[in-house]
């Protein structure tokens, strides 16, 4: 009953021997200093803490560390080094889809999650894809537009 | 001191469950809302028997740790279940939350449990001494009270394969995504050659447990559409008495009205 787990975090293997009941969100922020993952509601309602685990978008606030043994985790810090991120970043900038910015890391990873499974989504599919990520500034229209622009201009990346 | 353990087989999971006081952890989306670092979890996401979706002659068998996304994307999943699972939370929740957790949580608002109730699904429960298969209706004893022994786990959900195509499902929430049901309703009407072969209804988020009264639905089974129409008033009256809402975020009268409106709509759509 060894209490040690391993996982890949932003491309690097990590060994973790801390509390397996701890929230992934807190461990990312406090142990790994990955503060791009935002701590919002801590109850799965806001999506600010979204990360991609084994290719799926998840709320890191609702994941206990024991659940990520053997998993591959991508946070906004790891994603920001990719060409896909640049395409999304340019698109978000071009239509002012970032205002206060608190939802943006989660929203960008939600965008990646949509486009990686469906490179040319309909508006409806985009809206479903970001439905777990709340934004209190933009009213969503500019974010939906940005994802459409990224899909078009970044065609071939996804 | 070890506070959490991951099981890699059902056998290992059941021995751990018997010998230690551990909280079964499948998706974790309900458990982690009240995250406590002192919690002792039994992680079940690596137990192969609880991860698969397979079929036998009569049932589609869903492993308890299957996520809502896995169910939505699987070709064996009945459309009624995909429909309900697609309305749970948001992608972030559906990618993690599990059908076994939804049932084991014991909430009458559980959206996938509603479908298990209306389809008269069965649960395969196991402990280290053996296993038993029970109708899901018998599993719910009262508010958050389950027919589950301290050393038992929900291993699989057995959903009947046939007769689920003609269904009606409505989730009434305060918003489209990330909504908790205020009232939910599911109905199945299997009509063959102008006769009601099966009629089943279930009402979620209304009472302490999901309401399913087979004896009332049985009034219409075996009847022609014309005969069912004649029985309609008596059938509605029986449900009007059987549905006794409890007060929650929304009032008793509202819940009752919505249930009865949805039931009427379900009958009318089916020509009754």
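Residue numbers (the numbering used here), protein chains in the order written: chain H, 1 to 158; chain D, 1 to 272.
Ideal Cβ placement from N, Cα and C applies to all residues, glycine included.
(message) Within a Cβ cutoff of 6 Å, which residues of the same chain sit near residue 97 of chain D, ignoring the five residues on either side of it in sequence?
(response) Closer than 6 Å at Cβ, skipping near neighbours: 27, 29, 68.
(request) Name the two residues that bound the continuous alpha helix (DSSP H) containing residue 243 of chain D. (result) Segment: none, residue 243 of chain D is in no alpha helix (DSSP H) and carries neither H nor E.
(request) Starting from residue 274 of chain D, follow its DSSP beta bridges and name the residues at the other end. (result) Because chain D is modelled from 1 through 272, residue 274 of chain D falls outside the range shown and cannot be assessed.
(request) Please classify residue 224 of chain D: does DSSP put it in a helix, a strand, or coil? (result) The answer is strand: DSSP assigns residue 224 of chain D an E or B state.
(request) Could you tell me whether any Cβ in chain D is nearer than 8 Å to the Cβ of residue 149 of chain H? (result) For residue 149 of chain H, not one C-beta of chain D is nearer than 8 Å to its own C-beta.
(message) Rounding to the nearest angstrom, what Cα-Cα distance links residue 49 of chain D and residue 100 of chain D in this structure?
(response) Residue 49 of chain D and residue 100 of chain D: Cα-Cα distance of roughly 12 Å.
(message) At the level of alpha carbons, what is the spacing between residue 115 of chain H and residue 83 of chain H?
(response) The straight-line gap from Cα to Cα measures roughly 13 Å.
(request) Below 7 Å between beta carbons is the criterion; list the residues of the stretch 16-30 of chain D that meet it against any residue of chain H, in chain order. (result) The stretch 16-30 of chain D vs chain H, Cβ under 7 Å: 25, 28, 29.
(request) For residue 108 of chain D, count neighbouring Cβ atoms within 10 angstroms of its own Cβ and tell me buried if that reaches 16, exposed if not. (result) Taking a 10 Å sphere around the C-beta of residue 108 of chain D, we find 16 or more other C-beta atoms and assign the residue as buried.
(request) Compute the beta-carbon to beta-carbon distance between residue 3 of chain H and residue 20 of chain H, rounded to the nearest angstrom, for a pair I have assumed lies under 8 Å. (result) Rounded, the Cβ-Cβ distance is 6 Å, consistent with contact.
(request) Could you tell me which of H:92, H:100, H:98 sits nearest to residue 148 of chain H, measuring between CA atoms? (result) When the alpha-carbon of residue 148 of chain H is set against those of H:92, H:100, H:98, the nearest one is in H:92.
(request) Let me know if residue 123 of chain H comes out buried or exposed under the rule of 16 or more other beta-carbons within 10 Å of its beta-carbon. (result) With fewer than 16 other Cβ atoms within 10 Å, it is exposed.
(message) Which residue wins for smallest C-alpha separation from residue 131 of chain H, given the options H:7, H:44, H:96?
(response) Among H:7, H:44, H:96, the Cα nearest to that of residue 131 of chain H belongs to H:44.
(message) Quick check: what's the CA-CA separation for residue 150 of chain H versus residue 123 of chain D?
(response) Distance between the alpha carbons of residue 150 of chain H and residue 123 of chain D is about 45 Å.
(request) For chain H, find out if any of its Cβ atoms is closer than 8 Å to the Cβ of residue 95 of chain D; answer yes or no. (result) For residue 95 of chain D, the nearest beta carbon of chain H is closer than 8 Å to its own beta carbon.
(request) Could you tell me whether the stretch 134-153 of chain D touches the stretch 165-177 of chain D, where touching means 3 or more Cβ pairs closer than 8 Å? (result) The stretch 134-153 of chain D is not in contact with the stretch 165-177 of chain D.
(request) Would you verify that the beta carbon of residue 113 of chain H is, or is not, closer than 8 Å to some beta carbon of chain D? (result) Closer than 8 Å to the CB of residue 113 of chain H there is at least one CB belonging to chain D.
(request) Would you identify the three-state DSSP class for residue 97 of chain H, choosing helix, strand or coil? (result) Coil at residue 97 of chain H, not helix or strand.
(request) Note the first and the last residue of the continuous beta strand (DSSP E) segment covering residue 13 of chain H. (result) Taken as a continuous stretch (DSSP letters only), the beta strand (DSSP E) holding residue 13 of chain H covers 12-16.
(request) Kindly indicate which three-state DSSP category residue 151 of chain D falls into: helix, strand or coil? (result) In this structure, residue 151 of chain D counts as coil in the three-state DSSP scheme.
(message) Please list, in chain order, the chain H residues whose beta carbon lies closer than 8 Å to that of residue 41 of chain D.
(response) In chain order: 20, 21, 64, 66.
(request) Indicate whether the contact test is met: 3 or more Cβ pairs, each with one atom in the stretch 33-47 of chain D and one in the stretch 137-152 of chain D, closer than 8 Å. (result) The stretch 33-47 of chain D, when compared against the stretch 137-152 of chain D, does not touch it at the 8 Å Cβ threshold.
(request) Classify residue 169 of chain D as helix, strand or coil using the three-state DSSP reduction. (result) Residue state, collapsed to three classes: strand.
(message) Against chain B, with Cβ distances strictly below 8 Å, would residue 214 of chain D count as a contact?
(response) As a matter of chain content, chain B is missing from the structure shown, whose protein chains are H and D.
(message) Count Cβ pairs between the stretch 56-65 of chain H and the stretch 11-21 of chain D that sit closer than 8 Å; are there 3 or more?
(response) In this structure the stretch 56-65 of chain H does not touch the stretch 11-21 of chain D; the number of beta carbon pairs closer than 8 Å is below three.
(request) Tell me whether residue 80 of chain H counts as near the ligand NAP, meaning its Cβ is closer than 7 Å to at least one heavy atom of that ligand. (result) Summarising the ligand content, the structure contains no ligands, and the ligand NAP is consequently not present.
(request) Less than 8 Å between the CB atoms is what I'm expecting for residue 118 of chain D and residue 212 of chain D, so what's the real figure, rounded? (result) Yes, residue 118 of chain D and residue 212 of chain D are in contact; Cβ-Cβ is about 7 Å, under 8 Å.
(message) Distance check for residue 96 of chain H and residue 34 of chain D, CA to CA, integer angstroms please.
(response) In a straight line, the C-alpha of residue 34 of chain D is about 36 Å away from that of residue 96 of chain H.
(message) Please confirm whether residue 45 of chain H has its beta-carbon closer than 8 Å to some beta-carbon of chain D.
(response) So yes, residue 45 of chain H belongs to the interface.
(request) Leaving out five residues on either side along the sequence, give the residues of the same chain with a beta carbon under 6 Å from the beta carbon of residue 199 of chain D. (result) Only 189, 217, 220, 221 meet the Cβ criterion.
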